[in-house]
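Participant: Going by our numbering, the sequence shown opens with residue 16, and the numbers climb by one from there.
The structure that follows is given in the form of structure tokens.
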Amino acid sequence: MDAPAALTTLGLPRPRLPLIGGGLATWVVHAADGAPLAVLAQQWPQPRPLPAWQGPLDRLAGADGTVRLHVEYRRQLDPEAEYQRLLPG
Numbered sequence: 016m017d018a019p020a021a022l023t024t025l026g027l028p029r030p031r032l033p034l035i036g037g038g039l040a041t042w043v044v045h046a047a048d049g050a051p052l053a054v055l056a057q058q059w060p061q062p063r064p065l066p067a068w069q070g071p072l073d074r075l076a077g078a079d080g081t082v083r084l085h086v087e088y089r090r091q092l093d094p095e096a097e098y099q100r101l102l103p104g
């Protein structure tokens, strides 16, 4: 399975992440090494993968085969601005 499909399969941003009053919440998904992988927004129907998230899911796995992700809450920041900020270059 490729990484963007895996993120969609996880069902993020709903129902795993809490709904925030006002309906405008932003999260960033990071790999175990801290690389940003995707931006999630309460108001977006799907996560937006970043270039680091492209490719097979197994490349994100540790030595034991487990993929560990960290989801960072970015308050009610503009998700599009966060996405642009995290793009390389």
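Even for Gly, the Cβ is constructed at its ideal location relative to N, Cα and C.
If we require 3 or more residues per run, which beta strand (DSSP E) segments fall completely within the segment 25-93?
Facilitator: Correct list: 41-46, 51-56 and 84-88.
Participant: Figure out for me which residue from Leu39, Val82 and Leu92 has the closest Cα to the Cα of Trp59.
Facilitator: Considering only alpha carbons, the answer is Leu39.
Participant: By Cβ distance, which residues of its chain are closer than 6 Å to Ala56, with the 5 residues on each side in sequence left out?
Facilitator: Thr41 and Pro94, listed in sequence order.
Participant: Tell me the DSSP secondary structure of Leu102 in three-state form.
Facilitator: Looking at Leu102 - three-state DSSP - the assignment turns out to be coil, as it is neither helix nor strand.
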